[in-house]
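>
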Amino acid sequence: MNDVLAVVLAGGKGTRLEPLTRERAKPAVPFGGIYRIVDFTLSNCINSGIRRVLVLTQYKAMSLNRHLGTGWRHLLSRELGEFIDVVPPQQRIDEQWYRGTADAVYQNIYTLEKERPEHVVILAGDHIYKMDYGKMVDFHKENNADLTIAALRVGVEEAKSFGVMQTDEQSRIVGFEEKPDEPKTMPGSDTQCLASMGIYVFNAHFLFDQLCQDATIQHSAHDFGRNIIPSVIKSHRLMAYPFIDENSKADLYWRDVGTLDAYYQSNLELTDVEPLLNLYDYHWPVRTDQPNLPPPKFVFNEPSGRRGMATDSIVAAGTIISGGKVDRSILSSRVRVEECAEVSGSILFRGVQIGKGAIVRNAIIDKYVHVPDGAQIGVDLELDARRGFTITEGGIVVVPVIEAVEEIFSRK
Numbered sequence: 001m002n003d004v005l006a007v008v009l010a011g012g013k014g015t016r017l018e019p020l021t022r023e024r025a026k027p028a029v030p031f032g033g034i035y036r037i038v039d040f041t042l043s044n045c046i047n048s049g050i051r052r053v054l055v056l057t058q059y060k061a062m063s064l065n066r067h068l069g070t071g072w073r074h075l076l077s078r079e080l081g082e083f084i085d086v087v088p089p090q091q092r093i094d095e096q097w098y099r100g101t102a103d104a105v106y107q108n109i110y111t112l113e114k115e116r117p118e119h120v121v122i123l124a125g126d127h128i129y130k131m132d133y134g135k136m137v138d139f140h141k142e143n144n145a146d147l148t149i150a151a152l153r154v155g156v157e158e159a160k161s162f163g164v165m166q167t168d169e170q171s172r173i174v175g176f177e178e179k180p181d182e183p184k185t186m187p188g189s190d191t192q193c194l195a196s197m198g199i200y201v202f203n204a205h206f207l208f209d210q211l212c213q214d215a216t217i218q219h220s221a222h223d224f225g226r227n228i229i230p231s232v233i234k235s236h237r238l239m240a241y242p243f244i245d246e247n248s249k250a251d252l253y254w255r256d257v258g259t260l261d262a263y264y265q266s267n268l269e270l271t272d273v274e275p276l277l278n279l280y281d282y283h284w285p286v287r288t289d290q291p292n293l294p295p296p297k298f299v300f301n302e303p304s305g306r307r308g309m310a311t312d313s314i315v316a317a318g319t320i321i322s323g324g325k326v327d328r329s330i331l332s333s334r335v336r337v338e339e340c341a342e343v344s345g346s347i348l349f350r351g352v353q354i355g356k357g358a359i360v361r362n363a364i365i366d367k368y369v370h371v372p373d374g375a376q377i378g379v380d381l382e383l384d385a386r387r388g389f390t391i392t393e394g395g396i397v398v399v400p401v402i403e404a405v406e407e408i409f410s411r412k
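Under UniProt numbering, read the sequence shown as residues 1 to 412, first letter to last.
See the structure below:
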């Protein structure tokens, strides 16, 4: 993999995850108690043997930059030519923000060329999955391809949100439509389509040529799916690589946690007895920034009923459950649940405090929010809405980073 350079696109606004993305980029949103969403893509890179990674950022990147600096850069040796570098918009070519996925790479083409790669792997930084990119690069080389696209089978309705490919018997791509209203199904199936995962392996010189050519087209959206890929299907060799899951489970696991309900569901699935996403697989570990914190603590076990306990839950380091009850929830680091408080079906970010006797149901609470004694979240959704909290279509209450907490919870 010495001739491979990975480029992680991590600059999206993540507007569908508001308010969780008010202060952070989507790839920096916490996941599973101790991780950030971007950790899964970066772990795939490290586990695949890719040691040169550029992370292209744009919006609200401070939290992401800090996370990469403390949790990732120490894993690789610059002296050995290894790195995970954060690349903000440099406006080398013009003074515009990134206008599309292809434009994001094009505006950093000078940085890519300096590394002199033979192959460039383009990745999204906001999906949850386990994949060996090395196997995909080998497939790309064996098939003498100019571009290889990772492919996932999805249902027809779901396919409307993807780029949809048509292939021949040798897996060569012969057709491609970005987010079609009427997706074309796979041969022999009326219910499934072959969708692009947004994971690409390019021959480097081919990529650079196409980016430069696309940049001159004024009406282009400068996007891989909308412009680059359709323009080269007939003239170059494009291959579809079937997604091979490294998750060690019977069913494939790939999640786009792009909406609040999808994000909530993907997190809560981790509390199942045997979740589909295996975080305890040491064959394919997921790495992250692990702060130096004490272990979680559960205190009080009194006959009166004051008992610190958690069932079917994930509880991170530094958390104290002090006489409260937690069920089917994910608690990040340094959370505190006070006596007689109840937390169920919820995701609590770092430093959240749940006061005495408070009730939290089916909620996502952002970092360092202090829920006052006796307050209730997720019990009366109309009251939660009047307080300014986001209520999803699935009835999940999302509490952002807020000040003047007492004033907000005093509203009726």
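All C-beta atoms, glycine included, are put in the ideal place defined by N, C-alpha and C.
Predicted model only: the values in this text are computed from it and were never measured.
May I have the straight-line CA-CA distance separating residue 278 from residue 110, to the nearest angstrom?
Between residue 278 and residue 110, the C-alpha separation is close to 39 Å.
> Hey, residue 315 and residue 296: beta-carbon distance below 7 Å or not?
The answer is yes: Cβ separation under 7 Å.
> In the structure shown, what three-state DSSP assignment does residue 277 receive?
Three-state result, residue 277: coil.
> So residue 363 packs on residue 401, CB below 8 Å; how close in whole Å?
14 Å between Cβ atoms; not a contact.
> Looking at the secondary structure, which residues open and close the alpha helix (DSSP H) in which residue 141 lies?
Element bounds for residue 141: 133-142.
> Helix, strand or coil for residue 283, going by three-state DSSP, please let me know.
Residue 283 falls in the coil class under three-state DSSP.
> What are the uninterrupted segments assigned as beta strand (DSSP E) that are 3 or more residues long and contained completely in the stretch 142-221, given in chain order?
The qualifying runs are 147-155, 163-167, 173-178, 192-203.
> With residue 365 as the anchor, note down where its beta strand (DSSP E) starts and where it stops.
Per DSSP, residue 365 belongs to the beta strand (DSSP E) from 363-365.
> May I ask which residues mark the beginning and end of the beta strand (DSSP E) holding residue 62?
Run containing residue 62: none in the beta strand (DSSP E); it sits in the alpha helix (DSSP H), 62-71.
> Can you tell me the Cα-Cα spacing of residue 84 and residue 76, whole angstroms?
Spanning the two alpha carbons is a distance of roughly 7 Å.
> Taking only the alpha-carbon atoms, compute the straight-line gap between residue 87 and residue 45 and give it to the nearest angstrom.
Distance between the alpha carbons of residue 87 and residue 45 is about 17 Å.
> Does residue 338 pass the burial test, meaning 16 or more other C-beta atoms within 10 Å, or should it be called exposed?
With 16 or more Cβ atoms within 10 Å of its Cβ, residue 338 is classed as buried.
> Rounded to whole angstroms, what is the Cα-Cα separation between residue 61 and residue 24?
Their Cα atoms are separated by approximately 6 Å.
> Between 149, 150, 164, which has its C-alpha nearest residue 156's C-alpha?
Per the Cα distances, 164.
> With a 10 Å radius around its C-beta and 16 neighbouring C-beta atoms as the bar for buried, classify residue 205 as buried or exposed.
When all chains shown are included, residue 205 counts as exposed.
> Whole angstroms is fine: what's the gap from residue 350's alpha carbon to residue 246's?
When rounded, the distance between both Cα atoms is 29 Å.
> Could you check where the beta strand (DSSP E) with residue 383 kicks off and where it finishes?
Unbroken run through residue 383 is the alpha helix (DSSP H), 381-386; no beta strand (DSSP E).
> Classify residue 11: buried if its beta carbon has 16 or more other beta carbons within 10 angstroms, exposed otherwise.
By the 10 Å Cβ count, residue 11 comes out buried.
> Whose C-beta lies closer than 6 Å to the C-beta of residue 229 among residues of the same chain, with five residues either side of it excluded?
Answer for residue 229: 176, listed in chain order.
> Checking 7 Å against the spacing of the C-beta atoms, do residue 19 and residue 288 come in under that value?
In this structure, residue 288 does not lie closer than 7 Å to residue 19 by Cβ.
> For residue 129, which of helix, strand or coil comes out of DSSP?
DSSP places residue 129 in strand when its eight states are reduced to three.
> Look at the alpha carbon of residue 129 and the alpha carbon of residue 253, and state the distance between them as a whole number of angstroms.
So the two alpha carbons sit approximately 6 Å from each other.
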